[in-house]
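Read the structure below first, then the notes.
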Amino acid sequence: MLAFTIRRAFQSLIVLLVVGLVAFSMFNFVGDPVDNMLGQERTGADIERLRTQLGLDQPFPVQYYRFLEGAVQGNFGISYRQGRPVSDVISERIAATLELAMVSAILAIVFGVALGVFTAIRRNGWAANIIMSLSLIGVSLPTFLIGILLIYLFAVELGWLPSFGRGETVDLGWWRTGLLTESGRKAIILPAITLGLYQMTLIMRLVRSEMLEVLRQDYIRFARARGLKDRSVYFRHALKNTLVPVITVTGMQLGSIIAFAIITETVFQWPGVGLLFINAIRFVDIPVMAAYLMLISVMFVSINLVVDLLYFAIDPRLRADRSGSGK
Amino acid sequence: MRGFSFTNTISRAWKSDFMWSFRRTPVAIVSFFVAMILILGAVFAPLFAPYNPFDPATLNLMNGFSQPMVPNQFTGDSFWLGADDQGRDVFSTILYGLRISLFVGFAAVAFAMVLGVTLGLVAGYVGGWIGALIMRIADVQLTFPGILVAMLVFGIAKGFTPIEQRDEMAIWVLVIAIGLSEWVQFARVVRGATMVEKNKEYVQAAHLNGRRPISIMVRHILPNVLGPVLVIATISLALAIIAEATLSFLGVGAPPTQPSLGTLIRIGQGFMFSGEWWILLFPAVTLLTLALSVNLLGDWLRDVLNPKLR
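If you're matching them up, the sequences are chains A and B in order.
For reference, each letter of the first sequence is one residue, going 1 to 327 in the numbering used here.
For reference, each letter of the second sequence is one residue, going 1001 to 1310 in the numbering used here.
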């Protein structure tokens, strides 16, 4: 277990170093930030002043060292577009993205597992068939179209829910949350559904196929033969044994949720880091792009690492195989 | 000598397993014809489109916001699918938008295919540290969703192009960005297939004949690994079309001067609240139909050509 952990952690570190190199190269070789910041009307003095201010007049190794030093401390310099430190810009927006991602993930897991179990138990029922066909269509719809569709239905036609923004937020000092006010809770419903829908269908289909597989096993038949109630058979015996792949896939999908938040945040003008990243791309704001890249890589790599270790810890068969004991 | 006859070839092709399965699968037939109609409509857009939406001379601002099939109250002009805010015919902009979407889709997949197949052949046949390096890069890239990679490449490439040329170059930048985000699938499959083929006798015979590795890879191994490549290409095409639409919708893709379906949806979204639904609805339905039909074709192709890939 220890050797496995160390090897996996080492691999993760290498991935992060590679991404760091990409981020640094972006800083140094892409475009001319001074050009991007000053626009058409500029004087030579303006250019010189800005170059010094951004540290672009230093030699390459000095810039490289500065980047590494800064990145470890969470300092990615000054946003070309907003003229403020990138760390400030990101930290005031990260709460919005994480909140949205968490709510979507919870929605996806709860409804995904519930619908998966339901469609597996009522395999040939009409409700299960409708749910399965809907999920097929849902998978082929691009995320942004789902968002637009929901806005049209619930904001434009019915007028029940807001179509953009976060509503009122409450500042808890270290976290600005929208979940404590009514307008904030209303505002998160549509974006969370949009973001979580794909993951929900994925989890649902996975739970369904795993359940169908497990329900065929002998121990389920014996559980029934012992006279156990259906509910007990389905949830205590069958569902429990489907959870290993479900946890793995769900864990991996957490990273995707944070990445796909970019699209959802743009559709709903949700003030998170995804919207920040899209605007950074549009205006070639390299420091923000690099910082976002590093941030999301750290999230991805640590999520993957945790999921791998969890997988290892949950499934006793894997441990037995690894250590070479048994059989 | 066996005679060659055109009708004979057609009839043999018609009776092949491939065509047999096609004729027996209504979903495949419908998807194929829908996709063909859309592709032909895009290719011959200048012939079919009633207006040229990018010729300022034919535009009349008075036609702005004309409803579908209803003659405009000022000019009396009528548009099948209505007109947008600048008086452009929505049907024509969709045809021209389809062109951009399909061009980016096909070009990006072609780029991804050439890159992925080449790297996959090298990784599988040559192996060694080059192969290991290629596969490690592929693994790292697979950690991130394709759309994120495409966005990042787009942002970086945009930084490289001078400001004046950004709009003109945007289409090519899109092709490269989406292509770079999709090569991994090709490389992995081709590498796997190459490693199997490599040990077969015909390859060893070619090797003993003194053929150079490049010639063995291209002339002997490549034709034998093309089946799965075709399947991945079709599925990638659907992904690429959706990726392009997503990027353009987010404002980091095709510019308003060369709108793709995604750009049209982005423009249309702004009119959703004021009741001009046709500017948004028709491009969205076109995109959906295109993506769905290509996807279903890909699924069918996968089942026919390579049941193992399921």
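Ideal Cβ placement from N, Cα and C applies to all residues, glycine included.
Which term fits residue i, buried or exposed, when burial requires 16 or more other beta carbons within 10 angstroms of its beta carbon?
i: V1114(B); result: exposed
i: L1301(B); result: buried
i: A45(A); result: exposed
i: S325(A); result: Summary for S325(A): the model assigns pLDDT 38, below 50, so the residue's position carries little reliability; its value from the coordinates is reported in the next sentence. Answer is exposed; the Cβ neighbour count stays below 16.
i: W1278(B); result: buried
i: M1217(B); result: buried
i: K1158(B); result: buried
i: M211(A); result: buried
i: F235(A); result: exposed
i: Q269(A); result: exposed
i: P271(A); result: buried
i: S91(A); result: exposed
i: D230(A); result: exposed
i: L158(A); result: exposed
i: P1071(B); result: exposed
Please decide whether residue i counts as near chain A, where near means a Cβ-Cβ distance under 8 Å.
i: G1155(B); result: yes
i: I1242(B); result: yes
i: M1151(B); result: yes
i: L1115(B); result: no
i: A1245(B); result: yes
i: Y1096(B); result: no
i: A1284(B); result: yes
i: Q1269(B); result: yes
i: V1034(B); result: no
i: P1026(B); result: no
i: T1093(B); result: no
From residue i to residue j, what distance separates their C-alpha atoms?
i: G1268(B); j: L100(A); result: 26 Å
i: D3(A); j: Q11(A); result: Inspection of the sequence shows that residue 3(A) is occupied by Ala rather than by Asp. Distance between the alpha carbons of A3(A) and Q11(A) is about 12 Å.
i: I1171(B); j: L1230(B); result: 24 Å
i: V1126(B); j: L239(A); result: 46 Å
i: Q82(A); j: G1105(B); result: 34 Å
i: G20(A); j: V1196(B); result: 36 Å
i: S1236(B); j: L1226(B); result: 15 Å
i: F283(A); j: A128(A); result: 47 Å
i: H237(A); j: Y219(A); result: 8 Å
i: W175(A); j: S25(A); result: 33 Å
i: G1124(B); j: L1305(B); result: 22 Å
i: S79(A); j: F1154(B); result: 19 Å
i: D1167(B); j: T194(A); result: 30 Å
i: L141(A); j: V306(A); result: 31 Å
i: F1282(B); j: L1081(B); result: 7 Å
i: P1050(B); j: F1249(B); result: 26 Å
i: A320(A); j: A313(A); result: Only weak support exists for where A320(A) lies, its pLDDT of 49 falling under 50; the value from the coordinates is given anyway. Cα to Cα, A320(A) sits roughly 11 Å from A313(A).
i: A71(A); j: A290(A); result: 10 Å
i: T1257(B); j: N1295(B); result: 29 Å
CB-CB under 7 Å to residue i, same chain, minus the five flanking residues each way: which ones, in chain order?
i: F144(A); result: I263 and V267
i: D1017(B); result: none
i: I1039(B); result: L1102
i: L150(A); result: L190, I193 and T194
Excluding the five sequence neighbours on either side, which residues of its own chain have a C-beta within less than 6 Å of the C-beta of residue i, listed in chain order?
i: W1183(B); result: A1112, L1115 and G1116
i: F300(A); result: G255
i: A1108(B); result: V1175, I1178, G1179 and A1240
i: V18(A); result: none
i: W160(A); result: F154
For residue i, tell me which candidate among the options has the shortest Cα-Cα distance.
i: A114(A); options: L309(A), M252(A), M204(A) and A155(A); result: M204(A)
i: Y311(A); options: G251(A), Y219(A) and F154(A); result: G251(A)
i: L345(A); options: R8(A), V273(A) and L309(A); result: Past the edges of chain A, shown from 1 to 327, lies residue 345(A), and the structure says nothing about it.
i: R1099(B); options: A1187(B), F1186(B), I1241(B) and D1299(B); result: I1241(B)
i: F154(A); options: P191(A), V62(A) and L172(A); result: P191(A)
i: V15(A); options: N1224(B), S1274(B), Q1141(B) and I1010(B); result: Q1141(B)
i: R1188(B); options: G1120(B), I1163(B), T1257(B) and K1200(B); result: G1120(B)
i: M1169(B); options: F1186(B), I1130(B), P1255(B) and V1203(B); result: P1255(B)
i: A259(A); options: M102(A), R166(A) and E182(A); result: M102(A)
i: R208(A); options: V246(A), R8(A) and T43(A); result: V246(A)
Could you tell me whether any Cβ in chain B is nearer than 8 Å to the Cβ of residue i?
i: T248(A); result: no
i: Y152(A); result: yes
i: A259(A); result: yes
i: F235(A); result: no
i: V156(A); result: yes
i: L135(A); result: Per the sequence presented here, residue 135(A) reads as Ser, with Leu not at that position. Cβ-Cβ to chain B under 8 Å: no for S135(A).
i: F300(A); result: yes
i: I90(A); result: no
i: V86(A); result: no
Would you say residue i touches the ligand MN, meaning its beta carbon is less than 7 Å from a heavy atom?
i: K1015(B); result: With respect to the ligand MN, the structure shown offers nothing to examine, as it has no ligands at all.
Checking contacts by CB at 8 Å: is residue i closer than that to chain E?
i: L1292(B); result: No chain E is part of this structure, whose protein chains are labelled A and B.
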